[in-house]
Each structure stands twice: as C-alpha cells, then as structure tokens.
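Numbering (this note's numbering), first residue to last: 291 to 582.
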C-alpha cells in the first residue's frame, strides 16, 4: 500500500515551500510594486529637448520627465534612471522590459495602442514645417509638398509624423527619415531636404539651440487634417506595458491631481508649453486609442 509522506517528508516539503515563497512573490511583483519597493524607475527616452534629455551634469530632465517626477514622488518613487534609445526603439524596449516607462514625449496613436498602454495625455501639440530662410519654395502645407514633383520633406523614423506625410499623399521617394530631430535639422541645412516636419516645440527648440539663421518655421502653416477632416493635434503621454494597469491607474490619479492644482501647467511652462497646450479633461488615453 502506498503511504503518505512521512513526518520527515512533510518537514522537507514545508521547508522547501517556505524557501520558495519569497522568490515566487518576487517573480509575481508588478513593475509598480517593484518601483515602490526600490523607490526607482527606469525611463526610456531619446535624449531630445524639451521632452526628455540628460544634462551635462548627468541629471535626467525635460518637460515629460519633470511631470513624471512630480507624479511619482507622492507614490514614494523618487529616483529616475535613464535608458537612452533611438526613438523607434522605445516601444520594443518597454515591451521587452528594458525599462519601465517611456518618458520621451511619445504620441498616443491607435496603432501604438495595439502594442503598449498609455497614461492619459499630458500635452497636446501641433506638428509644423520648417524650411530654408525666406521660404524659397513657398511651402505652407503638406499638400504643397505633395503637389510638387521635386520637393523633399524630412521627419523622424518611428514617429506619428510619418503617418501625416503619407496621409497627405507625399510619395515615399520624397520622404527622408532621420533617427534624431537634430539629424533632420542638419539635413535641412545641408540641402538634403526642402523642409522638415516636427512638433512645433521641437522646431522652436532646434532653431533656438543652434542659433540658425538659415532655417525658419513655416508661417502661416495649414495644420494637417485627419480622416475626419479635423486639424490633427497630437497628444503626448507616458507609455507602459499593457500588463502594468496598476501603475497606469496610479499615474493617472497623480496626473489628474497635478492638472487640478495647476501644477501641471507650472511644470511645463519653463519648457515652452502654455495653457493652450494642455488637453481637455475629456480626452483620455482610451478615447485616443479608440480613435473617437
């Protein structure tokens, strides 16, 4: 007859289970729980001003990073470590767990929502063109570029801007994609493209940072329109893994509190954002992801 475990066997089994318990708990801890335990998060960024970048003294800062910092502090998470990537590598990076949060000023798009989750938006931004000083090609919209047989436009690999260019009917052979916004700016100056298409704040930052006199923002500029005929506004948010729902919920509560207190606008102002750059309360990650 088969016997049950001896008293020695029970003891060994109990000891094994007790020893395994902490390891099992550690394996099942969510990113949010781990961040609270360690007081640290790792943030994926593309080292681009004004959104998220590393100062010469090593400090991680930028508009999105400082909002994240303010949202994390009440949760007991006070240390932000940077993981610098090409912008196009950020979504795969967070999905693979190489960092906890995308803090690079990434736009929420339905396509990205298929792969990762987002907090509710922090900012809303229009995307504009910059061209050679004096606007010699008389460009005032993406359609002006599409109608020309020769004009080339540059933008950034892996960004939502590329979708705008395609929607406007600009052929692939007249779209030049750069890994970084600074490379696109240099490409314009070198004559590789006739215009570059970037968020308004990035254009202003690049011109101010370089002191360039040979580049200007296109004004007036007709903002690109979506399929619904409405001007396209892009919404920046923090990106996380889909399984990090507890982290997103906690961050959304803190973001709402920052907005209600006026602190959100205060944090963003030194980086060139105004009150007009704050999205309406009715705009959520869910509404953007669904395309509504």
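Don't be surprised by glycine CBs; every beta carbon is placed ideally from N, CA and C.
None of the values given here were measured: they were computed from a predicted structure.
Would you say the stretch 408-416 touches the stretch 457-474, given that touching needs at least three Cβ pairs under 8 Å?
Counting Cβ pairs under 8 Å, fewer than three are found: no touch.
Starting from residue 349 and walking both ways along the beta strand (DSSP E), at which residues does that stretch end?
No beta strand (DSSP E) contains residue 349, which DSSP labels as neither H nor E.
With H, G and I counted as helix, E and B as strand and the rest as coil, what does DSSP make of residue 520?
coil
Is residue 557 closer than 7 Å to residue 360 when the C-beta atoms are compared?
yes
With which residues is residue 507 paired in a DSSP beta bridge?
420
Pull up the distance between the alpha-carbon of residue 519 and that of residue 402, whole angstroms please.
22 Å
According to DSSP, which residues form a beta bridge with residue 373?
334
If you pair each beta-carbon of the stretch 454-472 with each one of the stretch 539-547, do three or more pairs fall below 8 Å?
Taking 8 Å as the limit for Cβ pairs, the verdict is that the stretch 539-547 does not touch the stretch 454-472.
DSSP three-state call for residue 311: helix, strand or coil?
With a pLDDT of 44 at residue 311, under the threshold of 50, the modelled position of this residue cannot be trusted; read the value that follows with caution. Here residue 311 sits in helix by DSSP.
Considering only the beta carbon of each residue, do residue 352 and residue 364 sit closer than 7 Å?
If you check the CB distance, residue 352 and residue 364 do not come in under 7 Å.
When the Cα of residue 552 is compared with those of 539, 568, 540, 537, which residue comes out closest?
568
Could you pull the start and end residues of the alpha helix (DSSP H) that residue 400 belongs to?
Under the DSSP assignment, residue 400 falls in the alpha helix (DSSP H) whose first and last residues are 400-403.
Under the three-state reduction of DSSP, which class applies to residue 413: helix, strand or coil?
strand
Measuring CA to CA, which of 426, 389, 561, 431 is closest to residue 499?
561
Please confirm whether residue 487 and residue 451 have their CB atoms less than 7 Å apart.
yes
Along the chain, where does the alpha helix (DSSP H) that runs through residue 578 open and close?
Unbroken alpha helix (DSSP H) run through residue 578: 575-579.
Consult DSSP for residue 540 and reduce its assignment to one of helix, strand or coil.
helix
Which value, in whole angstroms, describes the spacing of the CA atoms of residue 397 and residue 426?
31 Å
Output the distance between the C-alpha atoms of residue 447 and residue 465, rounded to the nearest integer angstrom.
11 Å
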